[in-house]
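A.B. asks: Here's a structure for you.
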Amino acid sequence: MLKDIPKYIKYRIDRMLNKGLFYQLLLLVFAIIILLLIVSIFIIVFFNYPPKDAFWDSLMQFIDTGNISSVDGSIGIVLTFLMVTFIGVCGWGSLIAMINKALQDRINNLSKGNAFIMEKNHAIILGYGEEALTIVEEFIMAKVKTIIILSEHNVDIIRKRISFIKGSKQTNIIIREGSASRIENIKLLNIAKSSSISIINNDDTESLNILLALKKIVEEEELDKKINICVLVHEEDTIEIIKSIEEKNFVIHVIYKYEILYKLIAQSIIYTGLSNVYEDLFSNDGNVFYIETDHDFNDCKFEDAALKYLERGMILLGITKEDRSQLLIPNYDYLLKKENRLVILSRNNNDDNIKEYPDIKPSIVKYKNNILLICEENRYDEIIKEISEYMENHNTSMISYNSIKSQKNKYKFMREKLKEENTTKIVLISEDNVTDVKSINILLIIRQIIRKENLNIAILSLLNSIQKRNLIYSDDVRDFIVSGKLIGMLMAQASISSNILYIFYGLLSKNGKDIIMSPYSDYFNESKSFKDVYLYLLRKKVIIIGVKRYNDVIINPNNDCMLDNKDEIIIITNYVLEEENEELIF
Numbered sequence: 001m002l003k004d005i006p007k008y009i010k011y012r013i014d015r016m017l018n019k020g021l022f023y024q025l026l027l028l029v030f031a032i033i034i035l036l037l038i039v040s041i042f043i044i045v046f047f048n049y050p051p052k053d054a055f056w057d058s059l060m061q062f063i064d065t066g067n068i069s070s071v072d073g074s075i076g077i078v079l080t081f082l083m084v085t086f087i088g089v090c091g092w093g094s095l096i097a098m099i100n101k102a103l104q105d106r107i108n109n110l111s112k113g114n115a116f117i118m119e120k121n122h123a124i125i126l127g128y129g130e131e132a133l134t135i136v137e138e139f140i141m142a143k144v145k146t147i148i149i150l151s152e153h154n155v156d157i158i159r160k161r162i163s164f165i166k167g168s169k170q171t172n173i174i175i176r177e178g179s180a181s182r183i184e185n186i187k188l189l190n191i192a193k194s195s196s197i198s199i200i201n202n203d204d205t206e207s208l209n210i211l212l213a214l215k216k217i218v219e220e221e222e223l224d225k226k227i228n229i230c231v232l233v234h235e236e237d238t239i240e241i242i243k244s245i246e247e248k249n250f251v252i253h254v255i256y257k258y259e260i261l262y263k264l265i266a267q268s269i270i271y272t273g274l275s276n277v278y279e280d281l282f283s284n285d286g287n288v289f290y291i292e293t294d295h296d297f298n299d300c301k302f303e304d305a306a307l308k309y310l311e312r313g314m315i316l317l318g319i320t321k322e323d324r325s326q327l328l329i330p331n332y333d334y335l336l337k338k339e340n341r342l343v344i345l346s347r348n349n350n351d352d353n354i355k356e357y358p359d360i361k362p363s364i365v366k367y368k369n370n371i372l373l374i375c376e377e378n379r380y381d382e383i384i385k386e387i388s389e390y391m392e393n394h395n396t397s398m399i400s401y402n403s404i405k406s407q408k409n410k411y412k413f414m415r416e417k418l419k420e421e422n423t424t425k426i427v428l429i430s431e432d433n434v435t436d437v438k439s440i441n442i443l444l445i446i447r448q449i450i451r452k453e454n455l456n457i458a459i460l461s462l463l464n465s466i467q468k469r470n471l472i473y474s475d476d477v478r479d480f481i482v483s484g485k486l487i488g489m490l491m492a493q494a495s496i497s498s499n500i501l502y503i504f505y506g507l508l509s510k511n512g513k514d515i516i517m518s519p520y521s522d523y524f525n526e527s528k529s530f531k532d533v534y535l536y537l538l539r540k541k542v543i544i545i546g547v548k549r550y551n552d553v554i555i556n557p558n559n560d561c562m563l564d565n566k567d568e569i570i571i572i573t574n575y576v577l578e579e580e581n582e583e584l585i586f
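Residue numbering for the sequence shown is 1 to 586, as defined by the UniProt record's numbering.
Okay, here's the thing in structure tokens:
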């Protein structure tokens, strides 16, 4: 029994040390008092030290190391107080170490998400992927004051990558480490006062777990506020599952990554340079879509309202009435109503002037394109299925990465392949980091062939990695690389204004809604200003949003910019307007 006493004392001490700083300090103070009492009794018994001064003098020696110089007495007392002074130094060091460790633990706990967020109107990002940094960058451009990221990735690595984003130091960015699907972690983010929630994961199952956790919190806290959530999915089957858990106050905006990327690729195959248009429209740094609900154009003609917006450097695109409704272009003489929601394209801070080039006619391809699709062999059927609605009048041939890799002289093989097929467009598809490497190697070879052989071939590349995309990015509109960066831009736009997402979906759909490029000469024989072109096309229920001149694509140029036969105009057309009792049907 007596043998177990030391073990029990040690166990109790260990338990107190594990309880935190307060109990550690109590234990340290208790140990100091016991030590000073022992020293006091020792000097009283052996050196006849005055009892009333023994404890006080021992305490002074413990607290202040300089007091040793004022000690009077025998050598034994001096040595005893010297020992007390040394122990005091160790005691103060232990105290500082305890406080420092407690602060470090607190900081670590905060970084791992163990503190409640007291912000409001903050943007929340749950999970981490290639698109997360793009979303943060777009939020910063959109002047979002507070951004919160919760993921299982290392906080220091994320913080370092974010530090390279322009404007990150002026934005309050809180990074938490922890599972984004744990209800306890999400509750600390104060979702009731958040402005948006974006969910990004490479695994759709994890995204579903996060959505279920969010829904559970909404039900438990009985939140009246409508929670708008934007989630990125990688598999089409996931969309149906997500829609089954959506409710009135729990609205989920789904972005199917590869559907959008494939549509961008497909539309860009038809119109070289169109991909640059979407990159400008998706970015908060470019021209920005917004929906104006508080306007004073009641009983005003659509044409008159459009003219007033043009004078302010904005383009009136059309009307949308309800959430998730698509854009409609009414007749030019349609009388606007107060309840109409006006869709506006607002110019960025730059004054975009169209550069002057020699009198070169635009090279609009009127014949069938011969498209060479380079991808993994097992993905060919699925990719063709996604882009088939755009490929009706084009010839498509396919070659796999492994087929090219097996060739000893890849340059010669690709050169002969391009000439043999009379290729006019090349599409490279990569959906993972391993295939990215193969795609980049082949892209560099193709660029060299086009440059040396002086071939007029457009290249469209889909890469998984945003970082790799940035390494080989080209300013040439005929050589465009699509990556998760565009998806990140779209997610940021959808998080800031969810209604804009469905306008983009409409523009990316072929059925009745298209952004296309058309020769200026198809509409006009003489030079006209952008303003005059806009008003003329408006009467044909066509909206011009920009101009392509040679390799320059300008969205929403100045009103007095002159257009002529060397240009291609970027227009929104083919919208269907139903009429019933002279009212718009939405």
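Just so it is clear, CB atoms sit at the ideal spot from N, CA and C, and this is done for glycine as well.
#1: Could you have a look at aspartate 522 and say whether DSSP puts it in helix, strand or coil?
#2: On a Cα-Cα basis, can you pick out the residue from Ile516, Val542, Met491, Phe530 that is closest to threonine 134?
#3: Give me the Cα-Cα distance between isoleucine 585 and lysine 540, rounded to the nearest whole angstrom.
#4: Going along the chain, which residues of its own chain have a beta-carbon closer than 6 Å to the beta-carbon of glutamate 377, five neighbours each way excluded?
#5: Between the Cα of tyrosine 520 and the Cα atoms of Lys548, Phe22, Asn409, which residue gives the shortest distance?
#6: How about isoleucine 459 and arginine 415: do their beta carbons lie closer than 8 Å?
#7: Going by Cα to Cα distance, which pick from Met314, Val78, Trp56 is closest to asparagine 559?
#8: The alpha helix (DSSP H) that contains aspartate 567, what's its start and end?
#9: Can you tell me whether alanine 142 is helix, strand or coil according to DSSP?
#10: Taking the alpha helix (DSSP H) that phenylalanine 42 belongs to, which residues open and close that run?
#11: What does the alpha-carbon distance come out to for the pair tyrosine 575 and isoleucine 183?
#12: Which runs of the beta strand (DSSP E) at least 3 residues long sit entirely within the stretch 157-239? Give them in chain order.
#13: Among Ala115, Ser198, Asn202, Glu177, which has the Cα closest to the Cα of valine 136?
#14: State yes or no: is the beta carbon of aspartate 156 nearer than 8 Å to at least one beta carbon in chain B?
#15: Between which two residues does the beta strand (DSSP E) harbouring alanine 458 extend?
#16: Give the single residue among Ile44, Val39, Phe47, Trp92 whose Cα lies nearest to the Cα of valine 29.
#17: Please report the residue range of the alpha helix (DSSP H) in which phenylalanine 55 lies.
#18: Would you give the residue range spanned by the beta strand (DSSP E) that lysine 540 belongs to?
#19: From Leu428, Asp514, Asn48, pick the residue whose C-alpha is nearest to that of isoleucine 481; which is it?
#20: At a cut of 8 Å, does the stretch 522-535 reach the stretch 251-263 through at least three beta carbon pairs?
#21: May I have the straight-line CA-CA distance separating lysine 412 from isoleucine 374, to the nearest angstrom?
#22: Which of helix, strand or coil does DSSP assign to lysine 10?
#23: If you measure between the beta carbons of isoleucine 344 and glutamate 130, is that distance less than 8 Å?
#24: Do isoleucine 227 and valine 254 have their beta-carbon atoms positioned less than 8 Å apart in this structure?
#25: Keeping to the same chain, check which residues put their C-beta closer than 7 Å to that of residue 602; ignore five residues upstream and five downstream.
#26: How many Å lie between lysine 385 and histidine 122 at the Cα?
#27: Helix, strand or coil: which one does DSSP assign to lysine 101?
#28: Tell me histidine 295's beta-bridge partners as DSSP assigns them.
#29: In whole angstroms, what separates the C-alpha of glutamate 152 from that of leucine 126?
#30: Taking DSSP as the reference, what is the three-state secondary structure of methionine 398?
#31: Hey, out of Leu25, Ile32, Ile41, whose CA is closest to methionine 98's CA?
#32: Could you compute how far the alpha carbon of lysine 10 sits from the alpha carbon of lysine 187?
#33: By Cβ distance below 7 Å, which residues in the same chain neighbour residue 589 in space, the five residues on each side in sequence not counted?
#34: Any idea what DSSP makes of asparagine 121, helix, strand or coil?
#35: Can you give me the start and stop residues for the alpha helix (DSSP H) that tyrosine 309 sits inside?
#36: Where does cysteine 561 fall in DSSP's three states?
C.D. replies: So, from the data block:
#1: In the sequence shown, the residue the question calls residue 522 occupies position 522. Three-state DSSP puts aspartate 522 in a helix.
#2: Sequence index remark: in the sequence shown, residue 134 carries index 134 (1-based). Among Ile516, Val542, Met491, Phe530, the Cα nearest to that of threonine 134 belongs to Met491.
#3: Within the sequence shown, the letter at position 585 stands for residue 585. Within the sequence shown, the letter at position 540 stands for residue 540. Legend: pLDDT at isoleucine 585 = 32, less than 50; position of this residue unreliable, no value from coordinates given.
#4: Taking the sequence shown and counting its residues from 1, one reaches residue 377 at position 377. Hits under 6 Å: Ser400.
#5: Translated into positions along the sequence shown, residue 520 becomes position 520. The shortest C-alpha separation from tyrosine 520 is found at Lys548.
#6: By one-based count along the sequence shown, residue 459 stands at place 459. By one-based count along the sequence shown, residue 415 stands at place 415. Contact flag unset, no.
#7: Position 559 of the sequence shown, counted from the first residue, corresponds to residue 559. Selected option, being the one with the closest Cα: Met314.
#8: The residue labelled residue 567 in the question sits at position 567 within the sequence shown. Counting along the chain, aspartate 567 falls outside any alpha helix (DSSP H), though it belongs to the beta strand (DSSP E) covering 567-573.
#9: Taking the first residue of the sequence shown as 1, we reach residue 142 at position 142. In this structure, alanine 142 counts as coil in the three-state DSSP scheme.
#10: Here residue 42 is taken as the residue at index 42 of the sequence shown, counted from 1. Per DSSP, phenylalanine 42 belongs to the alpha helix (DSSP H) from 21-47.
#11: In the sequence shown, residue 575 corresponds to position 575, counting from 1. In the sequence shown, residue 183 corresponds to position 183, counting from 1. Confidence is the limiting factor: at tyrosine 575 the pLDDT is only 40, short of 50, which leaves the residue's position unreliable and the question unanswerable from this model.
#12: 172-177, 196-199, 227-233
#13: Translated into positions along the sequence shown, residue 136 becomes position 136. Nearest option by C-alpha distance: Ser198.
#14: Absence of chain B from the displayed structure is noted, only one protein chain being present.
#15: Along the sequence shown, one-based indexing puts residue 458 at 458. Taken as a continuous stretch (DSSP letters only), the beta strand (DSSP E) holding alanine 458 covers 458-462.
#16: Within the sequence shown, the letter at position 29 stands for residue 29. Looking at the Cα atoms, Trp92 is the closest of the given residues.
#17: Working through the sequence shown from its first residue, we reach residue 55 at position 55. Where phenylalanine 55 is concerned, the enclosing alpha helix (DSSP H) stretches over 51-63.
#18: Reading the sequence shown from its first residue, position 540 is the one you call residue 540. According to the DSSP assignment, lysine 540 belongs to no beta strand (DSSP E), since it is labelled neither H nor E.
#19: The sequence position of residue 481 within the sequence shown is 481, counting from 1. When C-alpha distances from isoleucine 481 are compared across Leu428, Asp514, Asn48, the shortest belongs to Leu428.
#20: no
#21: Numbered from its first residue, the sequence shown carries residue 412 at position 412. Numbered from its first residue, the sequence shown carries residue 374 at position 374. If I take the Cα positions, the gap works out to 16 Å.
#22: Within the sequence shown, residue 10 is the residue found at index 10, counting from 1. DSSP places lysine 10 in helix when its eight states are reduced to three.
#23: Within the sequence shown, residue 344 is the residue found at index 344, counting from 1. Within the sequence shown, residue 130 is the residue found at index 130, counting from 1. It is not a contact, given that the beta carbons lie outside the stated cut-off.
#24: Here residue 254 is taken as the residue at index 254 of the sequence shown, counted from 1. Here residue 227 is taken as the residue at index 227 of the sequence shown, counted from 1. It is not a contact, given that the beta carbons lie outside the stated cut-off.
#25: Limits of the chain in this structure are 1 at one end and 586 at the other, which puts residue 602 out of reach.
#26: Mapped onto the sequence shown, residue 385 falls at position 385. Mapped onto the sequence shown, residue 122 falls at position 122. Answer to the nearest angstrom: the Cα atoms are 40 Å apart.
#27: Taking the first residue of the sequence shown as position 1, residue 101 is located at position 101. It is helical.
#28: Locating residue 295 in the sequence shown gives position 295, where the first residue counts as 1. Looking at the DSSP output, histidine 295 shares a beta bridge with no other residue.
#29: On the sequence shown, residue 152 is found 152 positions in, with the first residue counted as 1. On the sequence shown, residue 126 is found 126 positions in, with the first residue counted as 1. Cα to Cα, the separation comes out at about 10 Å.
#30: As a working note, residue 398 is residue 398 in the sequence shown. Strand.
#31: Along the sequence shown, read from residue 1 onward, the residue named residue 98 stands at position 98. With distances taken between Cα atoms, methionine 98 lies closest to Leu25.
#32: By 1-based counting over the sequence shown, the position of residue 10 is 10. By 1-based counting over the sequence shown, the position of residue 187 is 187. Going by the C-alpha atoms only, they are around 38 Å apart.
#33: Residue numbering for the chain in the displayed model covers 1 to 586; residue 589 lies beyond these limits and cannot be assessed.
#34: Numbered from its first residue, the sequence shown carries residue 121 at position 121. Reduced to three states, the DSSP call for asparagine 121 is coil.
#35: The residue given as residue 309 occupies position 309 in the sequence shown. Per DSSP, tyrosine 309 belongs to the alpha helix (DSSP H) from 302-311.
#36: Here residue 561 is taken as the residue at index 561 of the sequence shown, counted from 1. Taken through DSSP and simplified to helix, strand or coil, cysteine 561 comes out as coil.
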